[in-house]
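**Q** Dropping the structure in here first, questions after.
Number of protein chains: 2
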Amino acid sequence: MATLTGGGEPSATVKTVAAHAGVSAQTVSRVLRGTGYVSEETRTKVLAAVTAVGYHPNAVGRSLRAARTPMVGLLITDITNPFYASLHKAVEAVFRERGLTLMLLNSDDDRDTERQQLELLRSYRPSGLLLAPAVHSSLTTDDLAGFGAAVLVSRTLRGLSVPSVVTNEPEAMGEATRTLLDAGHRRIAAVLGPQDASTTVRREAGYREAVLAAGAEPLVCYTDQTGPGARTAIRHVLHTHAGITAALGFNAPVTEGILAGLRDEGLRCPQDVSLVGFTDAPWMAFYPPPITVVRQPVEAMGRLAAQLVLDMVDGKPVAAEPHVVPGTLLRRESVVAPSSRSLTSPSSTQR
Amino acid sequence: MATLTGGGEPSATVKTVAAHAGVSAQTVSRVLRGTGYVSEETRTKVLAAVTAVGYHPNAVGRSLRAARTPMVGLLITDITNPFYASLHKAVEAVFRERGLTLMLLNSDDDRDTERQQLELLRSYRPSGLLLAPAVHSSLTTDDLAGFGAAVLVSRTLRGLSVPSVVTNEPEAMGEATRTLLDAGHRRIAAVLGPQDASTTVRREAGYREAVLAAGAEPLVCYTDQTGPGARTAIRHVLHTHAGITAALGFNAPVTEGILAGLRDEGLRCPQDVSLVGFTDAPWMAFYPPPITVVRQPVEAMGRLAAQLVLDMVDGKPVAAEPHVVPGTLLRRESVVAPSSRSLTSPSSTQR
DNA sequence: CTGAAAGCGCTTACAG
DNA sequence: CTGAAAGCGCTTACAG
Numbered sequence: 001m002a003t004l005t006g007g008g009e010p011s012a013t014v015k016t017v018a019a020h021a022g023v024s025a026q027t028v029s030r031v032l033r034g035t036g037y038v039s040e041e042t043r044t045k046v047l048a049a050v051t052a053v054g055y056h057p058n059a060v061g062r063s064l065r066a067a068r069t070p071m072v073g074l075l076i077t078d079i080t081n082p083f084y085a086s087l088h089k090a091v092e093a094v095f096r097e098r099g100l101t102l103m104l105l106n107s108d109d110d111r112d113t114e115r116q117q118l119e120l121l122r123s124y125r126p127s128g129l130l131l132a133p134a135v136h137s138s139l140t141t142d143d144l145a146g147f148g149a150a151v152l153v154s155r156t157l158r159g160l161s162v163p164s165v166v167t168n169e170p171e172a173m174g175e176a177t178r179t180l181l182d183a184g185h186r187r188i189a190a191v192l193g194p195q196d197a198s199t200t201v202r203r204e205a206g207y208r209e210a211v212l213a214a215g216a217e218p219l220v221c222y223t224d225q226t227g228p229g230a231r232t233a234i235r236h237v238l239h240t241h242a243g244i245t246a247a248l249g250f251n252a253p254v255t256e257g258i259l260a261g262l263r264d265e266g267l268r269c270p271q272d273v274s275l276v277g278f279t280d281a282p283w284m285a286f287y288p289p290p291i292t293v294v295r296q297p298v299e300a301m302g303r304l305a306a307q308l309v310l311d312m313v314d315g316k317p318v319a320a321e322p323h324v325v326p327g328t329l330l331r332r333e334s335v336v337a338p339s340s341r342s343l344t345s346p347s348s349t350q351r
Numbered sequence: 001m002a003t004l005t006g007g008g009e010p011s012a013t014v015k016t017v018a019a020h021a022g023v024s025a026q027t028v029s030r031v032l033r034g035t036g037y038v039s040e041e042t043r044t045k046v047l048a049a050v051t052a053v054g055y056h057p058n059a060v061g062r063s064l065r066a067a068r069t070p071m072v073g074l075l076i077t078d079i080t081n082p083f084y085a086s087l088h089k090a091v092e093a094v095f096r097e098r099g100l101t102l103m104l105l106n107s108d109d110d111r112d113t114e115r116q117q118l119e120l121l122r123s124y125r126p127s128g129l130l131l132a133p134a135v136h137s138s139l140t141t142d143d144l145a146g147f148g149a150a151v152l153v154s155r156t157l158r159g160l161s162v163p164s165v166v167t168n169e170p171e172a173m174g175e176a177t178r179t180l181l182d183a184g185h186r187r188i189a190a191v192l193g194p195q196d197a198s199t200t201v202r203r204e205a206g207y208r209e210a211v212l213a214a215g216a217e218p219l220v221c222y223t224d225q226t227g228p229g230a231r232t233a234i235r236h237v238l239h240t241h242a243g244i245t246a247a248l249g250f251n252a253p254v255t256e257g258i259l260a261g262l263r264d265e266g267l268r269c270p271q272d273v274s275l276v277g278f279t280d281a282p283w284m285a286f287y288p289p290p291i292t293v294v295r296q297p298v299e300a301m302g303r304l305a306a307q308l309v310l311d312m313v314d315g316k317p318v319a320a321e322p323h324v325v326p327g328t329l330l331r332r333e334s335v336v337a338p339s340s341r342s343l344t345s346p347s348s349t350q351r
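Residue numbers (the UniProt record's numbering), protein chains in the order written: chain A, 1 to 351; chain B, 1 to 351.
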């Protein structure tokens, strides 16, 4: 059996290069950074020496001297949520162009893990931070001092006076709800995220306002915003509240969970239960039926949030009020008029 | 309008703490790292000083002295591919436990971006690297020297003699193909990934062997392994090859794209075209019909790959041969016997 | 246009 | 059990 172990000969430094080129270390530094005047001859000599000795710059040395690392943290709750994966991709593209590294950190939506990860990030002396706070986050404005540029994305947090980028959740959720009301639905279940998350609060507000304006009764349940959680939740609400003919999904995983739960109960979408999701996913476009959904502009949110961080890094003033990027309702085929089934109890259709 | 700019007062260092506690800097260091003998009294004094002056360790200083950063890179092609998102999550969990930071890098499946990102990672003097190489990667074993511990995940690369973690792709793909053959299908389209990717090569081999053993004709097409790419590809192959009654999807996004393409063509799954996917996704379990799929053990692959890096970091020997984690076929409802439609041209069903 | 000196924050030998 | 000294690799003033 062939085996390998971690190797590692001492690597070349600016000094090695300097010695090889017959110049000083800071001349090497000047050539590499492209700053200050260097004669063309010296420049060529140095570059030749760089390849000759196989020199690779050491970011750690540079960062120590510069007091800041050209790195921005992105602290989210779960990378397997496609919304955050797309957010990471959009943010990374902006930063890469500017020569900044993006460091991804997972909080698992846990308050202590969040603090721990933030402490880790802080130890690298990053230039900035993009943060989607954990549900019961204990972070304060003081905790975010020292990150220089800090910006909230998607979720906000009471008492954190930091710029933020969000969607027009109340309006978008209101529109989604009215789509169902207009189709004739009166008993519409809203399957939301964690009760105290700002995203839940804002989306619930839009839902309640629309439902109450139509003289209907709000039917909400809270979940951990995962598919399995939503699957259990929708089944429970169907059993405890008779006559539900429509549902609203908090995010893409929750919308998945609702469809799974409906299937568990032997209910069809949209014939038995109409559905509107919040946050699009590729499969929703060709699912039978294609799912009507509020498209969250995740790329735009990511780019804007990244730009705010860059502006703050550059010392430009940034508005402290939330920056709102509007979502749009994509009308597909998962909403139809309620059927007569709505009058029978769901348990009668179970096997 | 309230405005904020990036702040940042000079932060406390070990010296600040030392002065406050009336001890030396390296005593502070000893207390913080928990190494060597320190009297209980000194220890208490130092810890009090740490909170008093608001000290936060600087990883940059530590890394410079230690020559290695407690950081491992994970270089993948696209974080919005759920397989890689889950891989990141699994790997991160293992490393977090060991106090290692995971740094996510995107290559966009581009050879130059891959080199660029690797160079960036190298500048941080990381302790290791987990790599899913780009399709036309130009990396050599030499390029990976200096990363100490390097391990390939999911994809391998000819000429790279580095430990790797893969699935039993030929066997699993063979089994998936035989499921379709056994149901009576003879014209089975395999919608694969990029032609030169090791994953494509291995899965195609399993497909071809099974098809040829059954005396049928292989029908393969290559894609960029994204949903939109697969959507175009399946439509094209349906038009150029008459009588196709079944399809095999290379990964989750490709399986999505196949379903979208079938819908475009007015074809139903499974009545008109049976389907088997490679790599599971949550929505596949309750899609109508639930999709039969080869489940890739992504968490197990991630944990194993992470463990190999840890072993190499610890100087333990690691087998250079590929480490194979077996996938399993999940039989759901997207495979049925071919119908008579198979005798009509797909264009006749278009509107 | 180029170089000698100092220091970023930390930890590793080496002395007491 | 504790401290004075040196140095990790780089870049920033400061001189020539």
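We treat Cβ as the ideally placed atom computed from N, Cα and C, and that holds for glycine.
Would you call the segment 191-200 of chain A and the segment 244-254 of chain A in contact, with 3 or more CB pairs under 8 Å?
**A** Touching, yes, given that three or more Cβ pairs across the two stretches are closer than 8 Å.
**Q** Going by other Cβ atoms of all chains shown within 10 Å of its Cβ, with 16 needed for buried, is Asp112 of chain A buried or exposed?
**A** Taking the first sequence and counting its residues from 1, one reaches residue 112 of chain A at position 112. The residue is exposed, with fewer than 16 neighbouring Cβ atoms inside 10 Å.
**Q** Would you kindly work out how many angstroms separate the C-alpha atoms of Ala154 of chain B and Ala25 of chain A, rounded to a whole number?
**A** For the purposes of this step, residue 154 of chain B is taken as residue 154 along the second sequence, with counting starting at 1. For the purposes of this step, residue 25 of chain A is taken as residue 25 along the first sequence, with counting starting at 1. According to the sequence displayed, residue 154 of chain B carries Ser and not Ala. In a straight line, the C-alpha of Ser154 of chain B is about 42 Å away from that of Ala25 of chain A.
**Q** Determine, for Gly8 of chain B, whether the minimum Cβ-Cβ distance to residues of chain A falls below 9 Å.
**A** The residue labelled residue 8 of chain B in the question sits at position 8 within the second sequence. Per-residue confidence for Gly8 of chain B stands at a pLDDT of 44, beneath the threshold of 50, marking its modelled position as unreliable; no derived number is given.
**Q** Give me the Cα-Cα distance between Glu119 of chain B and Ala12 of chain A, rounded to the nearest whole angstrom.
**A** Against the second sequence, residue 119 of chain B aligns to sequence position 119. Against the first sequence, residue 12 of chain A aligns to sequence position 12. Whole-angstrom Cα-Cα distance: 15 Å.
**Q** Within 10 angstroms of the Cβ of Asp272 of chain A, are there 16 or more other Cβ atoms? Answer buried if so, exposed if not.
**A** Numbered from 1 along the first sequence, position 272 holds the residue referred to as residue 272 of chain A. With 16 or more Cβ atoms within 10 Å of its Cβ, Asp272 of chain A is classed as buried.
**Q** Please tell me whether Gln296 of chain A and Thr167 of chain A are closer than 9 Å, where the distance is taken between their beta carbons.
**A** If you number the first sequence from 1, residue 296 of chain A lands on position 296. If you number the first sequence from 1, residue 167 of chain A lands on position 167. Closer than 9 Å, so yes.
**Q** Per DSSP, what kind of secondary structure is Ile244 of chain A in: helix, strand or coil?
**A** Stepping through the first sequence from its first residue, residue 244 of chain A is reached at position 244. The answer is coil: DSSP assigns Ile244 of chain A none of H, G, I, E or B.
**Q** Is Gly128 of chain A near Met312 of chain A, with beta carbons less than 9 Å apart?
**A** Counted from its first residue, the first sequence places residue 128 of chain A at position 128. Counted from its first residue, the first sequence places residue 312 of chain A at position 312. Contact: yes.
**Q** Going along the chain, which residues of its own chain have a beta-carbon closer than 8 Å to the beta-carbon of Gly174 of chain B, five neighbours each way excluded?
**A** One-based indexing of the second sequence puts residue 174 of chain B at position 174. Hits under 8 Å: Gly206, Tyr207, Glu209 and Ala210.
**Q** When you compare the CB positions of Tyr55 of chain A and Thr16 of chain A, do they come within less than 9 Å of one another, or not?
**A** On the first sequence, residue 55 of chain A is found 55 positions in, with the first residue counted as 1. On the first sequence, residue 16 of chain A is found 16 positions in, with the first residue counted as 1. Taking 9 Å as the Cβ cut-off, Tyr55 of chain A and Thr16 of chain A qualify as a contacting pair.
**Q** Please check if any C-beta of chain A sits within less than 9 Å of the C-beta of Asp224 of chain B.
**A** Here residue 224 of chain B is taken as the residue at index 224 of the second sequence, counted from 1. False, the Cβ-Cβ gap to chain A never drops below 9 Å.
**Q** If you draw a straight line from the C-alpha of Val46 of chain A to the C-alpha of Glu40 of chain A, how long is it?
**A** In the first sequence, the residue the question calls residue 46 of chain A occupies position 46. In the first sequence, the residue the question calls residue 40 of chain A occupies position 40. Cα to Cα, the separation comes out at about 10 Å.
**Q** If we call anything under 9 Å between Cβ atoms a contact, is His88 of chain A one with Leu102 of chain A?
**A** Taking the first residue of the first sequence as position 1, residue 88 of chain A is located at position 88. Taking the first residue of the first sequence as position 1, residue 102 of chain A is located at position 102. Cβ atoms of His88 of chain A and Leu102 of chain A: closer than 9 Å.
**Q** When the cut-off is 9 Å and only beta carbons count, does Ser63 of chain B lie next to chain A?
**A** Stepping through the second sequence from its first residue, residue 63 of chain B is reached at position 63. It does: the Cβ of Ser63 of chain B has a partner Cβ on chain A nearer than 9 Å.
**Q** Please list, in chain order, all residues of the same chain as Phe83 of chain B whose beta carbon is under 7 Å from its beta carbon, the five residues on each side excluded.
**A** To locate residue 83 of chain B, count along the second sequence from 1; it is residue 83. Answer for Phe83 of chain B: Asn251, Ala252, Thr279, Gln296 and Val298, listed in chain order.
**Q** Pair every Cβ in the segment 63-79 of chain B with every Cβ in the segment 49-67 of chain A, then say whether three or more of these pairs are closer than 8 Å.
**A** Judged by Cβ distances under 8 Å, the segment 63-79 of chain B makes contact with the segment 49-67 of chain A, as three or more pairs qualify.
**Q** Please determine if the segment 226-233 of chain A and the segment 257-266 of chain A are in contact, where contact requires at least 3 C-beta pairs separated by less than 8 Å.
**A** With a cut-off of 8 Å, the segment 257-266 of chain A and the segment 226-233 of chain A count as touching, because enough Cβ pairs lie within range.
**Q** Considering only DSSP beta bridges, list what Phe278 of chain A is partnered with.
**A** By one-based count along the first sequence, residue 278 of chain A stands at place 278. A:Val294.
**Q** Starting from Leu130 of chain A, follow its DSSP beta bridges and name the residues at the other end.
**A** Locating residue 130 of chain A in the first sequence gives position 130, counting from the first residue. Answer is A:Leu74 and A:Val151.
**Q** Could you check which residue in A:Gly261, A:His323 and A:Asp110 has the C-alpha nearest to that of Gly302 of chain A?
**A** For the purposes of this step, residue 302 of chain A is taken as residue 302 along the first sequence, with counting starting at 1. Taking only the C-alpha atoms, the option nearest Gly302 of chain A is A:His323.
**Q** Ala48 of chain A: which of A:Arg68, A:Pro133, A:Val23 and A:Thr69 sits nearest, CA to CA?
**A** For the purposes of this step, residue 48 of chain A is taken as residue 48 along the first sequence, with counting starting at 1. Comparing Cα positions, the closest option is A:Val23.
**Q** Return the chain-ordered ranges of every beta strand (DSSP E) run that is complete within the segment 12-98 of chain A and spans a minimum of 3 residues.
**A** Runs of the beta strand (DSSP E) inside the segment 12-98 of chain A: 69-76.
**Q** Strictly below 7 Å CB to CB, what residues from chain B border Arg263 of chain A?
**A** Here residue 263 of chain A is taken as the residue at index 263 of the first sequence, counted from 1. Result: Phe286.
**Q** Is Tyr37 of chain B close to chain A? Criterion is C-beta to C-beta, closer than 9 Å.
**A** Counted from its first residue, the second sequence places residue 37 of chain B at position 37. Not one chain A Cβ lies under 9 Å of Tyr37 of chain B.
**Q** Which residues, in order along the segment 100-115 of chain B, keep a beta-carbon less than 7 Å from a beta-carbon of chain A?
**A** From the segment 100-115 of chain B, only Thr101, Met103, Leu104 and Asn106 have a Cβ closer than 7 Å to chain A.
**Q** Any residues in the segment 67-82 of chain A with a beta carbon nearer than 8 Å to a beta carbon of chain B? Which ones, in chain order?
**A** Those residues of the segment 67-82 of chain A that come within reach of chain B (Cβ to Cβ, closer than 8 Å) are Thr69, Asp78, Ile79, Thr80 and Pro82.
**Q** Suppose you measure from the CA of Ala19 of chain A to the CA of Val38 of chain A; what does that come to, to the nearest Å?
**A** Translated into the one-based positions of the first sequence, residue 19 of chain A becomes position 19. Translated into the one-based positions of the first sequence, residue 38 of chain A becomes position 38. Whole-angstrom Cα-Cα distance: 17 Å.
**Q** Near Met71 of chain A, what residues of its chain come up, given a Cβ to Cβ distance below 7 Å and the 5 sequence neighbours on each side ignored?
**A** Here residue 71 of chain A is taken as the residue at index 71 of the first sequence, counted from 1. Closer than 7 Å at Cβ, skipping near neighbours: Leu100, Thr101, Met103, Tyr124, Pro126 and Ser127.
**Q** Let me make sure I understand the geometry here. Which of A:Thr240, A:Arg158, A:Ala213 and A:Ser164 has the alpha-carbon closest to that of Ala189 of chain A?
**A** Counted from its first residue, the first sequence places residue 189 of chain A at position 189. Among A:Thr240, A:Arg158, A:Ala213 and A:Ser164, the Cα nearest to that of Ala189 of chain A is on A:Thr240.
**Q** Assuming contact is defined by CB atoms lying nearer than 9 Å, are Val220 of chain A and Leu192 of chain A in contact in what I supplied?
**A** What you label residue 220 of chain A is simply residue 220 of the first sequence in a count that begins at 1. What you label residue 192 of chain A is simply residue 192 of the first sequence in a count that begins at 1. Cβ atoms of Val220 of chain A and Leu192 of chain A: closer than 9 Å.
**Q** Which residues of the segment 307-318 of chain B have a Cβ closer than 7 Å to any Cβ of chain A? Give them in chain order.
**A** Residues passing the 7 Å Cβ filter: Met312, Val313, Gly315, Pro317 and Val318.
**Q** With Leu102 of chain A as the anchor, note down where its beta strand (DSSP E) starts and where it stops.
**A** Here residue 102 of chain A corresponds to residue number 102 of the first sequence, with the count starting at 1. From DSSP, the beta strand (DSSP E) with Leu102 of chain A extends over Thr101 to Asn106.
**Q** Please list the segments of the beta strand (DSSP E) lying wholly inside the segment 206-262 of chain B, counting only runs of 3 or more residues, in order along the chain.
**A** Runs of the beta strand (DSSP E) inside the segment 206-262 of chain B: 219-222 and 246-249.
**Q** Thinking C-beta only, is Gly215 of chain A closer than 9 Å to Leu131 of chain A?
**A** For the purposes of this step, residue 131 of chain A is identified with residue 131 of the first sequence, where counting begins at 1. For the purposes of this step, residue 215 of chain A is identified with residue 215 of the first sequence, where counting begins at 1. No; because the gap between Cβ atoms is not below 9 Å, this pair is not in contact.
**Q** Counting C-beta neighbours from all protein chains within 10 Å, is the total for Ser107 of chain A 16 or more, i.e. buried, or is it exposed?
**A** Start at 1 with the first residue of the first sequence, and residue 107 of chain A comes out as number 107. With 16 or more other Cβ atoms within 10 Å, it is buried.
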